[in-house]
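Position 28 of the sequence shown, counting from 1, maps to 426 under the numbering used here, and the rest follow consecutively.
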Amino acid sequence: MFAFPSRNTRHCSKSFPAHKPHSHYDLELSPGADGSHYLASLQHTLPLILQRHQPQLIFYDAGVDVRQDNELGLLALTVQDIYQRYKWILHLATTMEIPIVCVSGGGYCRDILQLVSGHSQLYFGATECFAN
């Protein structure tokens, strides 16, 4: 089995940790970048990366530290933006016929219901994507 040989991150240039591990594709966004900027970046680059590497499996660490009220993320995605991201990534993997494994990760807040609300968008997106 050939797993995706590169790591692709989208993060705020100023967010924790200050010194980020290097990825094959590091795409920094400005502090406060909203969902439209984030999703445009994702939709522009991820298909190209997948076409270049042609993975047989995608491992997706579906973090919610991009949420606007996240204590460490510094980006400004809404819950709806996060839902759209999940749904789009799952649809892309399905369209390209690449199996995808999704795990919930990332997200830093004291309000557990806020955290659950963000992570549950993955399951809502998967339900819609795979309902047909």
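Where is the CB? At the ideal position from N, CA and C, for every residue including glycine.
Keep in mind it's a predicted model, so treat the numbers as computed, not measured.
Along the chain, which unbroken stretches of the alpha helix (DSSP H) at least 4 residues long are found entirely within the region 470-529? 477-493 and 510-528
Let me check one thing: in DSSP terms, what residues is Leu446 bridge-paired to? Partner(s): none; Leu446 has no beta bridge.
Return the Cβ separation of Gly471 and Val464 in integer angstroms, given the expectation that the two are a contact with Cβ distance under 8 angstroms. 5 angstroms
Can you find the residues in the same chain that come closer than 7 angstroms, C-beta to C-beta, to Gly516, ignoring five residues on each side of it along the sequence? Val462, Arg465, Val477, Ile480 and Gly505
Beta-carbon proximity check, Leu448 vs Ser439, cutoff 8 angstroms: no
Return the first residue and the last residue of the beta strand (DSSP E) that Gly430 is part of. First-last for Gly430: undefined, no H or E at that position.
Output yes if chain B places a C-beta closer than 8 angstroms to the C-beta of Ser518; else output no. Given the protein chain composition of this structure (a single chain), no chain B is represented.
Going by DSSP, name the residue or residues bridged to Ala460. Ser502
Going straight from the alpha carbon of Leu473 to that of Ala460, what length do you get? 15 angstroms
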